[in-house]
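There are 2 protein chains.
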Amino acid sequence: SWIVGFGVEDSGLEERRFPTRDELDRAAPGHPVYLKHRSGHAAVANSLALAAAGITDQSPQPPGGHMDRDATGRLTGVLREKSAAAPIEKILPVPTRDRMKEGVITAGRLYASAGITSVHDAGAEARPDTYRAYHEAVAEGRLHQRVYAMIWGWPGNHLYLEKDLGLRTGFGDERLRLGAVKLFVDGSIQVFTCAFYDPYITLDTDSTRANPRGVLQLTPNELNDLVVEAHAKGFQVALHAQGDYGIDVALDAIQYAMWKAPRPDPRHRIEHCQCVTPEGLRRMRRLGVIGSFYPHHSWYWADRHISTFIGEERASRMNPMKSAMRAGVVTVAHSDAPIAAIGDPVFGAEPLFGIWCAVNRTTRAGKVIGPEERITPMEGIRAFTINAAYASFEERLKGSIEPGKLADLIVLDRDPCAVDPWEIRDVQVLRTIIGGRTVFAR
Amino acid sequence: SWIVGFGVEDSGLEERRFPTRDELDRAAPGHPVYLKHRSGHAAVANSLALAAAGITDQSPQPPGGHMDRDATGRLTGVLREKSAAAPIEKILPVPTRDRMKEGVITAGRLYASAGITSVHDAGAEARPDTYRAYHEAVAEGRLHQRVYAMIWGWPGNHLYLEKDLGLRTGFGDERLRLGAVKLFVDGSIQVFTCAFYDPYITLDTDSTRANPRGVLQLTPNELNDLVVEAHAKGFQVALHAQGDYGIDVALDAIQYAMWKAPRPDPRHRIEHCQCVTPEGLRRMRRLGVIGSFYPHHSWYWADRHISTFIGEERASRMNPMKSAMRAGVVTVAHSDAPIAAIGDPVFGAEPLFGIWCAVNRTTRAGKVIGPEERITPMEGIRAFTINAAYASFEERLKGSIEPGKLADLIVLDRDPCAVDPWEIRDVQVLRTIIGGRTVFAR
Numbered sequence: 269s270w271i272v273g274f275g276v277e278d279s280g281l282e283e284r285r286f287p288t289r290d291e292l293d294r295a296a297p298g299h300p301v302y303l304k305h306r307s308g309h310a311a312v313a314n315s316l317a318l319a320a321a322g323i324t325d326q327s328p329q330p331p332g333g334h335m336d337r338d339a340t341g342r343l344t345g346v347l348r349e350k351s352a353a354a355p356i357e358k359i360l361p362v363p364t365r366d367r368m369k370e371g372v373i374t375a376g377r378l379y380a381s382a383g384i385t386s387v388h389d390a391g392a393e394a395r396p397d398t399y400r401a402y403h404e405a406v407a408e409g410r411l412h413q414r415v416y417a418m419i420w421g422w423p424g425n426h427l428y429l430e431k432d433l434g435l436r437t438g439f440g441d442e443r444l445r446l447g448a449v450k451l452f453v454d455g456s457i458q459v460f461t462c463a464f465y466d467p468y469i470t471l472d473t474d475s476t477r478a479n480p481r482g483v484l485q486l487t488p489n490e491l492n493d494l495v496v497e498a499h500a501k502g503f504q505v506a507l508h509a510q511g512d513y514g515i516d517v518a519l520d521a522i523q524y525a526m527w528k529a530p531r532p533d534p535r536h537r538i539e540h541c542q543c544v545t546p547e548g549l550r551r552m553r554r555l556g557v558i559g560s561f562y563p564h565h566s567w568y569w570a571d572r573h574i575s576t577f578i579g580e581e582r583a584s585r586m587n588p589m590k591s592a593m594r595a596g597v598v599t600v601a602h603s604d605a606p607i608a609a610i611g612d613p614v615f616g617a618e619p620l621f622g623i624w625c626a627v628n629r630t631t632r633a634g635k636v637i638g639p640e641e642r643i644t645p646m647e648g649i650r651a652f653t654i655n656a657a658y659a660s661f662e663e664r665l666k667g668s669i670e671p672g673k674l675a676d677l678i679v680l681d682r683d684p685c686a687v688d689p690w691e692i693r694d695v696q697v698l699r700t701i702i703g704g705r706t707v708f709a710r
Numbered sequence: 269s270w271i272v273g274f275g276v277e278d279s280g281l282e283e284r285r286f287p288t289r290d291e292l293d294r295a296a297p298g299h300p301v302y303l304k305h306r307s308g309h310a311a312v313a314n315s316l317a318l319a320a321a322g323i324t325d326q327s328p329q330p331p332g333g334h335m336d337r338d339a340t341g342r343l344t345g346v347l348r349e350k351s352a353a354a355p356i357e358k359i360l361p362v363p364t365r366d367r368m369k370e371g372v373i374t375a376g377r378l379y380a381s382a383g384i385t386s387v388h389d390a391g392a393e394a395r396p397d398t399y400r401a402y403h404e405a406v407a408e409g410r411l412h413q414r415v416y417a418m419i420w421g422w423p424g425n426h427l428y429l430e431k432d433l434g435l436r437t438g439f440g441d442e443r444l445r446l447g448a449v450k451l452f453v454d455g456s457i458q459v460f461t462c463a464f465y466d467p468y469i470t471l472d473t474d475s476t477r478a479n480p481r482g483v484l485q486l487t488p489n490e491l492n493d494l495v496v497e498a499h500a501k502g503f504q505v506a507l508h509a510q511g512d513y514g515i516d517v518a519l520d521a522i523q524y525a526m527w528k529a530p531r532p533d534p535r536h537r538i539e540h541c542q543c544v545t546p547e548g549l550r551r552m553r554r555l556g557v558i559g560s561f562y563p564h565h566s567w568y569w570a571d572r573h574i575s576t577f578i579g580e581e582r583a584s585r586m587n588p589m590k591s592a593m594r595a596g597v598v599t600v601a602h603s604d605a606p607i608a609a610i611g612d613p614v615f616g617a618e619p620l621f622g623i624w625c626a627v628n629r630t631t632r633a634g635k636v637i638g639p640e641e642r643i644t645p646m647e648g649i650r651a652f653t654i655n656a657a658y659a660s661f662e663e664r665l666k667g668s669i670e671p672g673k674l675a676d677l678i679v680l681d682r683d684p685c686a687v688d689p690w691e692i693r694d695v696q697v698l699r700t701i702i703g704g705r706t707v708f709a710r
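Sequence lines, in order, name chains A and B. Add 268 to the 1-based position in the first sequence for this note's numbering, that's all there is to it. Add 268 to the 1-based position in the second sequence for this note's numbering, that's all there is to it.
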């Protein structure tokens, strides 16, 4: 039977590399094994898993992805991006609706303890069971957070678009809504798949030899078509894009859709927006595109950005949240769970920790990167609250504590704006209230 | 029989508008009439011509073009851009090879009198007779100018690409070479078809009601495909793009082709580049894209730009040649014949007049527009000589008077760099020498 895992972190292993298929073969003989990298943008499979999917040493490289091979041309088991992993992902056991429902309920409990009252689910796969699981969890009163469920719009799998049900972003109610159409433009820096103008700094790998400046998971043409379609049908689009070039390709598509079919206030989003250029920020301002940043990134991975991936200069400009705010871009912060996870003692994704990261911009090794991009604690709070509410068209409903808004609020043991910035990560959530009801108390 | 003309200039008529189909019907009863606008980006047809092409009041608007209709929905006969005019252009009598040959020979004589020793033919339609006509004119010793024949790469008609002959830009010799693949991204400001981020200022026309920000003759996807194909096959591309948005779309496609298939020094070009933004210039510098400007434009049409098309602010930033040079963009000037024509007493296209235009930036009405973009006479000379040679990969062969280079030179009656800038247009060409041989003397 299949052994499927999530969260392989090559940088967390002593060897600083992925396990190989041979190591997995030895560890779990007789089982197909498939372990996803923490970034979600790569995976490692053992020999049985590769064989089950029909992936062989002779398989051609897929567009927008990469299957690593060793010097002899033999697959190592590492599969980068969806196009490489798809043959396996397609044959993996599909979680049942009940399992998904229990999953979101469990997550909701954890999230309550971290003071989270609303989530933007950036990966609600467009299958009927996804929405049914959410509906049931909400209807049973077991999921308290408000959910903005982005439609994981992989081509051929973006249910609501393809079936053209006439639904659009915002459909639903304050408990559960259809969110943006989510599309992936590029990948993850940590697996060399973000699209940059300039090459990665480590070029002696199988992956970077083939793709020295990363990959585009969707070609500009595919992206244009999808964004134009989604935009014209009334959807917000949320484009995962992190490399400087990947972000520009995303903005090109958004610009074209808005030029071709103008409509008021579409609020398209760039997710992560990690290495956006100054001009990219100006374009975002002009287009009203929201920048959604993942501040924890600088703590977890910036040291490796510097040593292995993009070098110090580019790393120091990662997550330019201060510049984004100065440029007039609506600047949102997210926790990117499950890339890091709420409650994970090593890779925590708590929003207060995210604020700490954005305020201090310190790496695990203790280096302050791009200090000019540090933001204030209040700017961090706004990025996780009112600006996030704006990003789901709900700024009049929530995101601040005001008469007439939903009674979603939390109680902290001290004021993050008053403590020493270094202490923000120690601030405790004492109580989480959603719709006036306490869902967590310490 | 057909009456076909070129050079309708609505701004030159008292009525400041195109003639209508009815006026043409009355003027030439019994003949199909088709008159192209001076810009080349529109035409007016009479009723017989429309009928012959099967264009009716019920015909749908073509993508990337526009057929004007009056308030009752009746066609006026004005057809904007290739997609609208194609049904007629396809049935027009095709000039014979001999006629084309005599045409280029006649043009060559005129050009010699204006001191022109080399031409970049930006519209060598990709038909075998085009190249045969050139070959014969050169072989017979009756065409003296050196020709860089750009391949008019309309989709479905870009012969050398489609047939994949393995030829590429530069193939040929110093007399006649294959040039860039020429593609049209947007149109002409004077017929409201350049693609801008912001609308035209005259919006109560049939054309601007439908396309307030102009048109893209090729969608970004079509352009990406063509540019990627041409670039990957070793061609330079020369993209006609004039509006700020049209130019950005052109740069997006060039960027993508170069990202996807890097090769050294492709020297892609933006033709006219009229309303490029400062950031566009920075991108051009990064990509090594050449800016090819039409300086005469500010004299002939800037007054109408201000009053009718794009308003004073955008007009004052037209043809930012000084900014382009400062940004490090290789800056070329062209005469754009036959839009204006060498030897035409009213719409002259002489290079020395172009230098005068770029140095003075004065409109017909006597207004100086964007004085900060004025260049020096020597910069103007370089734009028409060594930089133009660079744009055809021939800067080591010609473009300056140096030992070892071709003996292509002209003699003037005074030094354009020494006279009063206002006098540059009066400088006379006394002698034109190509390959050491005098081909014109006054």
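Glycine residues also receive a C-beta, built at the ideal position from the N, C-alpha and C atoms. As the structure is a prediction and not an experimental result, all values here were calculated from the model.
The Cβ of residue 524 of chain B sits closer than 7 Å to at least one Cβ of chain A. For residue 662 of chain A and residue 335 of chain A, the gap between their C-alpha atoms comes out near 42 Å. The count of Cβ pairs closer than 8 Å, one atom from the stretch 347-359 of chain A and one from the stretch 629-647 of chain A, stays below three, leaving the stretches out of contact. Residue contact check for residue 547 of chain A against chain B: a CB pair falls below 7 Å. For residue 373 of chain A, the closest alpha carbon among the candidates A:401, A:700 and A:382 is that of A:401.
Short of 6 Å from the beta carbon of residue 513 of chain A, and not among the five residues preceding or following it, lie these beta carbons of its own chain, in chain order: 463, 464 and 465. For the 7 Å CB-CB criterion, residue 379 of chain A and residue 654 of chain A do not form a contact. Residue pairing by DSSP puts residue 559 of chain A in a beta bridge opposite A:538 and A:599. In chain order, 527 make up the part of chain A whose C-beta sits under 7 Å from the C-beta of residue 513 of chain B. Nearest neighbour of residue 525 of chain A by Cα position, chosen from A:496, A:361, A:535 and A:686, turns out to be A:496. Interface with chain B (7 Å Cβ-Cβ cutoff): residue 479 of chain A is excluded. DSSP places residue 393 of chain B in the uninterrupted beta strand (DSSP E) bounded by 386-393. Against chain A, the beta carbon of residue 493 of chain B has neighbours under 8 Å at 489, listed in chain order. Per DSSP, residue 682 of chain B is not a residue of any alpha helix (DSSP H), being assigned neither H nor E. Secondary-structure assignment with DSSP links residue 313 of chain B through a beta bridge to B:302. Close partners of residue 466 of chain A in chain B (Cβ separation under 7 Å) are lacking, with about 10 Å as the shortest Cβ gap.
For a Cβ distance threshold of 8 Å, nothing in chain A lies close to residue 612 of chain B: the least Cβ distance comes to about 36 Å. Closest in alpha carbon position to residue 570 of chain B, among B:632, B:515 and B:607, is B:632. Taking the Cα positions, residue 290 of chain A is about 11 Å away from residue 342 of chain A. Its Cα nearest to that of residue 448 of chain B, the residue B:503 stands out among B:511, B:543, B:581 and B:503. When secondary structure is reduced to three states using DSSP, residue 270 of chain B falls in the coil class, being assigned neither helix nor strand. Judged by pairs of C-beta atoms under 8 Å, the stretch 311-331 of chain A touches the stretch 285-301 of chain A, as three or more such pairs exist. Non-local beta-carbon contacts of residue 685 of chain A in its own chain, meaning distances under 6 Å to residues more than five positions away in sequence, involve 645 and 646 in chain order. For the pair residue 535 of chain A and residue 596 of chain A, the Cα-to-Cα distance works out to about 14 Å. When the Cα atoms are used, residue 665 of chain B and residue 648 of chain B turn out to be separated by approximately 20 Å. A Cβ-Cβ separation of about 5 Å places residue 406 of chain B in contact with residue 443 of chain B under the 8 Å criterion. When the alpha-carbon of residue 575 of chain A is set against those of A:275, A:271 and A:284, the nearest one is in A:284.
In this structure, residue 521 of chain B keeps its C-beta atom at 7 Å or more from the C-beta atom of residue 500 of chain B. A distance below 7 Å separates the beta carbons of residue 538 of chain B and residue 559 of chain B. Assignment of residue 675 of chain A by DSSP, reduced to helix, strand and coil, places it in the coil class. Proximity to residue 460 of chain B across B:441, B:484 and B:438 peaks at B:484, based on C-alpha coordinates. Not a single C-beta of chain A is nearer than 7 Å to the C-beta of residue 533 of chain B. With a minimum length of 4 residues, the unbroken runs of alpha helix (DSSP H) contained wholly in the stretch 446-503 of chain B fall at 474-478 and 488-500. The beta strand (DSSP E) runs of length 3 or more contained entirely in the stretch 596-640 of chain A are, from start to end of the chain, 599-601.
Contact with chain B is found for residue 520 of chain A, since one of that chain's Cβ atoms lies less than 7 Å from the residue's Cβ. Contact annotation: the stretch 476-495 of chain A does not touch the stretch 353-372 of chain A, with fewer than three C-beta pairs closer than 8 Å.
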